[in-house]
Amino acid sequence: MMSDPIISKNPQTDAGPTQVESQPPAQTEALEPVPGAVVIDATPGPVAELPTAQAPEEAPVAPSLSAEEVQELAARAAKAQENWDRYVRAVADLENFKKRAARERQEATKYANESLLSRLVPVLDTFDMALAAVNNPQGANVDSLKTGISMISTQLKSVLLEAGLEEIRAAGKPFDPNIHEAVSQQESVEVPEGHVMQQLRRGYRFRERLLRPATVIVARKPAEPEAQ
54 MMSDPIISKN
64 PQTDAGPTQV
74 ESQPPAQTEA
84 LEPVPGAVVI
94 DATPGPVAEL
104 PTAQAPEEAP
114 VAPSLSAEEV
124 QELAARAAKA
134 QENWDRYVRA
144 VADLENFKKR
154 AARERQEATK
164 YANESLLSRL
174 VPVLDTFDMA
184 LAAVNNPQGA
194 NVDSLKTGIS
204 MISTQLKSVL
214 LEAGLEEIRA
224 AGKPFDPNIH
234 EAVSQQESVE
244 VPEGHVMQQL
254 RRGYRFRERL
264 LRPATVIVAR
274 KPAEPEAQ
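Under this note's numbering, the first residue of the sequence shown carries the number 54, and numbering increases by one thereafter.
Here it is as structure tokens:
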């Protein structure tokens, strides 16, 4: 704000008032920055330009289909549905097959010995007949008892042989540690050394698998007399 003009009288001329040019107001002293104060730069920066809006692209127009193309698409859709139905049926059949196979496997394991037991039943009948003959007070003789026991042994061996049980005959055969179990050795001039001299207990083999080795005595060469 400008101050009023100062009017003074010239002492020499006293010609009247003289207008003196107005003086500008004293400038305000710059303020010292306060320690720790945050100085904010109020200088306006460049104005960011806003992106110019672009017109949206037009969506492609789907080509129109002919009647033949529509029929072809319908035929393909029908074929796809048919294949899907066949796939669903195949999966259902497979699940049913798995369940049936598991059930049949359980039944086969449960009744695996049915055929063998059905062939052993006649052997039990022969045992009953032999016991009845022995207990008869009018009494069966020894010969009839022997005959009954022989029949039982024959029947039982036949049934076990059909089931795959094989007897290991070791007497007179070369000693085989895979199927024979030696308990001792004896000197013999009749049986070659390293051969089975006597079989103490029979061995058995189920098809190709050894069930029990035969217990045997192995022959060895007699010791030579000491020279005197």
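Glycine included, every Cβ here is placed at the ideal spot set by N, Cα and C.
{"Item": "Anyone know if the C-beta pair for M250 and A272 falls short of 8 Å?", "Value": "yes"}
{"Item": "Using only the alpha-carbon positions, how far apart do V187 and R172 sit?", "Value": "24 Å"}
{"Item": "Less than 8 Å between the beta carbons of R255 and E220, yes or no?", "Value": "yes"}
{"Item": "Along the alpha helix (DSSP H) that carries E157, what are the first and last residues, could you check?", "Value": "120-163"}
{"Item": "Please report the residue range of the alpha helix (DSSP H) in which F180 lies.", "Value": "167-187"}
{"Item": "Could you name each continuous beta strand (DSSP E) segment of 3 residues or more that falls completely within the region 234-272, going from the start of the chain to the end?", "Value": "249-254, 256-259, 262-265"}
{"Item": "Taking Cβ to Cβ, would you say K226 is nearer than 8 Å to E246?", "Value": "no"}
{"Item": "What do you get for F259, buried or exposed, if any count of 16 or more other CB atoms within 10 angstroms of its CB means buried?", "Value": "exposed"}
{"Item": "Would you mind reading off the limits of the beta strand (DSSP E) that contains I205?", "Value": "Taken as a continuous stretch (DSSP letters only), I205 belongs to no beta strand (DSSP E), being part of the alpha helix (DSSP H) at 195-215."}
{"Item": "With a 10 Å radius around its C-beta and 16 neighbouring C-beta atoms as the bar for buried, classify F150 as buried or exposed.", "Value": "exposed"}
{"Item": "Exposed or buried, what is N201 when buried is set at 16 or more other beta-carbons lying within 10 Å of its beta-carbon?", "Value": "First, the amino acid is wrong: residue 201 is Gly here, not Asn. By the neighbour-count rule (16 or more Cβ atoms within 10 Å), G201 is buried."}
{"Item": "Whose C-alpha, out of A128, F180, E215, is nearest the C-alpha of S168?", "Value": "E215"}
{"Item": "Looking only at its own chain, which residues have a Cβ that is under 8 Å from the Cβ of F228, when we skip the five neighbours before and after it?", "Value": "A235, G247, H248, V249, V269, V271"}
{"Item": "Cα separation between K212 and M204?", "Value": "Sequence inspection shows Val at residue 212; the Lys mentioned does not correspond to that position. Answer to the nearest angstrom: the Cα atoms are 12 Å apart."}
{"Item": "Taking 8 Å as the threshold (C-beta atoms), are V174 and L209 in contact?", "Value": "no"}
{"Item": "Applying the 10 Å Cβ sphere with the 16-neighbour rule, what's the burial state of A128?", "Value": "exposed"}
{"Item": "Alpha carbon to alpha carbon, what distance is there between S197 and M182?", "Value": "11 Å"}
{"Item": "Quick check on E277: does DSSP put it in helix, strand or coil?", "Value": "coil"}
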